[in-house]
Amino acid sequence: METIPKQKLSKPSKLFLVGKWLRRHPTTFIGIAIVLFFLLLAVIGPYIAPYSFSAQSLGEKLQPPSEKHFFGTDQFGRDIYSRILVGSRDVFMVAGLGTVLAVFLGLLVGLFSGYRGGMIDEIVMRCMDVILSIPALLLAMVILFSLGPSRVNVILVVGFLYIPMVARVVRSVVLDLKTRQFIEAAKLRGESSAYILFKEILPNVLPYLAVEASMRFSYAIFLVASLGFLGLGVQPPRPDWGLMVGEARQWFHQARWVLYFPAGTIALLVVGVGFMSDGLRNMLLPGGVSDD
1 METIPKQKLS KPSKLFLVGK WLRRHPTTFI GIAIVLFFLL LAVIGPYIAP YSFSAQSLGE
61 KLQPPSEKHF FGTDQFGRDI YSRILVGSRD VFMVAGLGTV LAVFLGLLVG LFSGYRGGMI
121 DEIVMRCMDV ILSIPALLLA MVILFSLGPS RVNVILVVGF LYIPMVARVV RSVVLDLKTR
181 QFIEAAKLRG ESSAYILFKE ILPNVLPYLA VEASMRFSYA IFLVASLGFL GLGVQPPRPD
241 WGLMVGEARQ WFHQARWVLY FPAGTIALLV VGVGFMSDGL RNMLLPGGVS DD
């Protein structure tokens, strides 16, 4: 009797599982789509803006949304739509680079502190606690009042303020990992501390780091907008979403679109990053993507 060979069932690819998971978690898909949309605007926005972000036309000030001015005009007759498009690049640049700086330095601090332990870990964590004990916006204001408002200074402030959060997350993961058997085996093989940190521990930290980075990015966007609202962010004539909201306060009752569009843009981006962050946490951390 002729036997029919059994066909080996192929395991679904990780990409397929991610796509299946996203279909079951539409808010994550929506969040990723929003972030990618704004990222695209940051890249091409300045090139597709119909007007110069600084062009004034007092004869057209406070014009409502129309075919000529999609989002209306502000108190100086500047096109709000064009200013939002151009301002998207500054938002991503300042909040993004500040987050990258915080993640990089926080990763190094957390790895070193968690792995060394003892008195060094205690001193480092107490320093982090001191920074965390001061409200982020208040500390940012004090620093920027001293250094002066500029894009570079805001990036440095955002990076500095969020180092402790990243460091604490990384440290907690390192403290758990360094007691595992595979770390003990690496020590018995005579591997160096650098090898253990960057070859054994770091790959296991990265999923947690990615989730924390997305969370920090959402906080950074809100902090940058808040600093702009107070006049401590990106300085005129560059369009800053937070500053646009701040300037719109006195014109709100006369022309509500002056406030609605920049404020709504900030809210939409923060919500999108929040959805994406929640999805990354569910996807990357234990119990995330599976083929169920």
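Okay, so the sequence shown: first residue is 1 according to the UniProt record's numbering, each after it adds one.
By construction, the Cβ of each residue, glycine as well, lies at the ideal position given by its N, Cα and C atoms.
If you're wondering where the values come from, they're calculated on a predicted model, not measured in any experiment.
Taking a C-beta distance under 7 angstroms as the contact criterion, residue 163 and residue 246 do not qualify as a contact pair. Residue state for residue 79 is assigned as strand, using DSSP reduced to three classes. When the Cα atoms are used, residue 188 and residue 116 turn out to be separated by approximately 17 angstroms. Contact between residue 234 and residue 90 holds, since their C-beta atoms are separated by about 5 angstroms, short of 8 angstroms. In the DSSP assignment, residue 32 falls within the unbroken alpha helix (DSSP H) covering 26 to 48. For residue 181, the enclosing alpha helix (DSSP H) has its first and last residue at 181 to 188.
A direct Cα-Cα distance of roughly 28 angstroms separates residue 148 from residue 108.
Contact between the segment 172 to 180 and the segment 199 to 206 is present: 3 or more CB-CB pairs across the two stretches fall below 8 angstroms. Partner residues in the beta bridge of residue 73, as assigned by DSSP, are 79. Annotation for residue 255: no alpha helix (DSSP H) segment contains it, and DSSP assigns it neither H nor E. If you compare the alpha carbons of 142, 215, 133, 271 with that of residue 230, the shortest gap goes to 142. For residue 51, there is no enclosing alpha helix (DSSP H), as DSSP marks it with neither H nor E. The criterion of a C-beta distance shorter than 7 angstroms is not satisfied by residue 100 and residue 151. By the Cβ test, the segment 112 to 129 is not in contact with the segment 251 to 269, since fewer than three Cβ pairs between them sit closer than 8 angstroms. Approximately 35 angstroms separates the beta-carbon atoms of residue 170 and residue 264; this is outside 8 angstroms, ruling out the contact. Counting along the chain, residue 171 sits inside the alpha helix (DSSP H) bounded by residues 151 to 177. Counting only the Cα atoms, residue 112 lies some 44 angstroms from residue 261. Nearest Cα to residue 205 within the set 228, 286, 31, 275: 286. Under the criterion of beta carbons closer than 8 angstroms, residue 158 and residue 102 qualify as touching, at roughly 7 angstroms. Boundaries of the alpha helix (DSSP H) around residue 130: 118 to 133.
Take residue 281, set aside five residues on each side of it, and the residues of its chain with a beta-carbon closer than 7 angstroms to its own are 211, in chain order.
Closest by C-alpha distance to residue 83, out of 248, 51, 65, is 51.
Around the beta carbon of residue 129, fewer than 16 other beta carbons lie within 10 angstroms, which makes this residue exposed.
The C-alpha of residue 59 is placed about 45 angstroms away from the C-alpha of residue 26.
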